[in-house]
Amino acid sequence: MKQKWKDLDFTLFITPLLLTAFGIVMIYSASMVIAVIKNDVPSNYFMVRQLMWFGLGFVFYLFCSMFAYRHYQKLIKPMIIMIFLLLVAVLFFGDEVNNAKSWLVLGPFRLQPAELAKLGLIIYLASAYSKKQQYIDDFFKAVLPPLVMTGMILVLIIKQPDIGTAAIILMIAATVIFSSGIKFRHLFLLGGAVIVIVGLAATKMVTPERISRFTGAYQPFDDPDLNGFHLIQSYLAIGTGGITGQGLGQGIQKLGYLPEPHTDFIMAVIAEELGFLGVIVVLGMLAAIVLRGLYIANQCRDSFGSLLAIGISSMIGIQAFINLGAISGLLPITGVTLPFVSYGGSSLLILLISTGILNNIAKSVRANEQRMTKETIPDEIESEKNKRALRQRRSWSQLQ
1 MKQKWKDLDF TLFITPLLLT AFGIVMIYSA SMVIAVIKND VPSNYFMVRQ
51 LMWFGLGFVF YLFCSMFAYR HYQKLIKPMI IMIFLLLVAV LFFGDEVNNA
101 KSWLVLGPFR LQPAELAKLG LIIYLASAYS KKQQYIDDFF KAVLPPLVMT
151 GMILVLIIKQ PDIGTAAIIL MIAATVIFSS GIKFRHLFLL GGAVIVIVGL
201 AATKMVTPER ISRFTGAYQP FDDPDLNGFH LIQSYLAIGT GGITGQGLGQ
251 GIQKLGYLPE PHTDFIMAVI AEELGFLGVI VVLGMLAAIV LRGLYIANQC
301 RDSFGSLLAI GISSMIGIQA FINLGAISGL LPITGVTLPF VSYGGSSLLI
351 LLISTGILNN IAKSVRANEQ RMTKETIPDE IESEKNKRAL RQRRSWSQLQ
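Counted the way the numbering used here counts, the sequence shown spans residues 1 to 400.
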């Protein structure tokens with residue numbers, strides 16, 4: 001057991017935990033006022049709930065760090081069935097928040113099935129395309145079948161509607177498919193098909209509310225009191241933070257100006273209270289997780305482990321990019337949280353499970369490297385002995 005702990009990847013073990021701990025502190029700072037005024041609950045309400053989810057997630061994190069990732073291939077069928085059942089259940093029995101039925105209430109917990117679908121789909125796609133490597137060039141036999149399952153999950157999530165999560169899942173799937181080694185002409189074919197499908201769907205999905213999100217993102221000062229209000233408040237928070245910030249807990253924009261300061265806009269609160277330096281620290285830790293995951297994917301000799309690591313790393317990176325794009329006006333506001341930092345139990349739970357799996361892949365890579373080293377060293381010693389014996393024979397022949 002001690003050796004198992006030693007084999008864990010230090011970066012992937014400590015960085016998510018530090019980022020989560022930092023997030024819990026910022027959640028308290030960002031939510032302590034609105035918890036009392038807006039939600040009529042104690043000031044530490046959101047922090048305590050996030051701590052509960054962190055405790056549960058940490059248990060799963062440790063388990064997944066030790067559980068051999070290859071066994072997930074045996075669990076794909078029940079996992080996919082469970083995801084479908086939960087996504088269907090949320091459409092009928094889900095709790096509606098912000099005009100979307102995305103939550104299932106299970107006693108004291110609120111579960112977001114779409115978060116589980118992210119990880120489940122990554123495992124499914126990684127397994128499917130790793131098994132099809134021998135005939136990956138066959139579009140209809142290798143490439144197309146997993147896309148049917150992906151499309152069905154996307155449709156159920158869009159029906160909620162949760163466009164932000166659907167976009168993340170689509171980009172994750174594209175990353176895994178691209179990394180699986182399919183032909184470029186198949187990539188162009190899929191890209192064209194996605195553009196056509198999105199174009200056709202957009203005509204039915206366009207609503208005044210969604211149009212206002214685009215105008216609020218790209219023309220916020222045309223309607224500063226309504227559609228552009230949220231983004232302008234984010235700009236004010238980011239701009240007043242400067243290099244070192246106003247001080248922890250001293251932010252102003254969280255006092256009823258920023259919408260959801262503890263979820264979607266928590267990075268704006270960090271920028272205001274901890275300044276540019278605080279933002280850089282958070283981005284640095286997120287980048288460390290993503291880059292370490294991609295490095296492990298490159299080192300892994302098992303195609304399933306490699307695609308799984310790519311999928312998990314891309315999930316964290318894409319989600320962070322969409323959240324940061326929303327608070328900076330680069331992208332429309334979609335309600336996507338900042339990984340490990342924002343308030344959100346389901347998201348934190350899935351992220352900790354995912355990084356646990358990623359750490360197990362890293363553990364497997366390290367074990368393979370150590371085994372190869374042990375096999376190589378005796379060969380090198382034997383080779384060196386042979387070279388030394390040859391030199392001795394040559395010296396003896398010269399003397400004679």
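Quick reminder that beta carbons are idealized off the backbone N, C-alpha and C, glycines included.
Coarse secondary structure for residue i, derived from DSSP in three states
i	result
P16	helix
K38	coil
S102	strand
E369	helix
F67	coil
R110	strand
E260	coil
V341	coil
V48	helix
V97	strand
Q160	coil
N292	The question names Asn, but residue 292 in the sequence shown is Arg. Correct three-state label for R292: helix.
V33	helix
D7	coil
I333	coil
P255	The displayed chain sequence assigns Leu, not Pro, to residue 255. Looking at L255 - three-state DSSP - the assignment turns out to be coil, as it is neither helix nor strand.
S127	helix
S43	coil
K132	coil
F178	helix
Alpha-carbon to alpha-carbon, residue j and residue i
i	j	result
F60	T20	15 Å
N227	G216	5 Å
I232	A326	12 Å
L144	I81	20 Å
L351	G57	8 Å
A271	F140	49 Å
L330	Y69	36 Å
A309	N359	9 Å
V25	Q160	31 Å
R110	A89	13 Å
R213	C300	41 Å
V155	F93	17 Å
G120	S31	31 Å
D225	Y257	11 Å
Y295	I169	22 Å
S314	F304	15 Å
D9	E369	13 Å
F184	T175	13 Å
K132	A126	10 Å
E115	S180	23 Å
H262	I158	25 Å
P208	A128	39 Å
Y135	F54	42 Å
L307	K363	16 Å
F265	V282	14 Å
Option nearest residue i by Cα separation, candidates the options
i	options	result
L338	Y69, D7, T240 and F22	F22
E260	D9, M152 and V97	V97
L91	M82, I80, I81 and L104	L104
Q319	D95, M171 and G293	M171
G247	V269, Q370, S306 and L258	V269
L348	M52, L12 and G293	M52
L187	F340, F63 and L147	L147
T150	S130, I123 and D137	I123
I316	F67, S303 and V341	V341
I195	A167, C64, F10 and Y218	A167
G293	G249, I243 and I357	I357
P16	A100, V48 and S65	S65
I361	P220, F67, I158 and G181	F67
L255	L12, D9, A35 and L8	A35
G275	K118, T244, D302 and Q250	T244
I177	G242, L12, A142 and N298	A142
A237	H71, P208, T263 and M267	M267
Status (buried if at least 16 other CB within 10 Å, exposed otherwise) for residue i
i	result
N323	buried
Y28	buried
I333	buried
Y343	buried
D40	exposed
L190	buried
K38	exposed
I197	exposed
Q250	exposed
Near the ligand FMN: residue i beta-carbon under 7 Å from a heavy atom
i	result
L154	The ligand FMN is absent from the structure shown, which contains no ligands of any kind.
- Report the residue ranges of all alpha helix (DSSP H) runs contained in full by the region 181-253; include only those spanning at least 4 residues, in chain order. 184-205, 208-218 and 229-241
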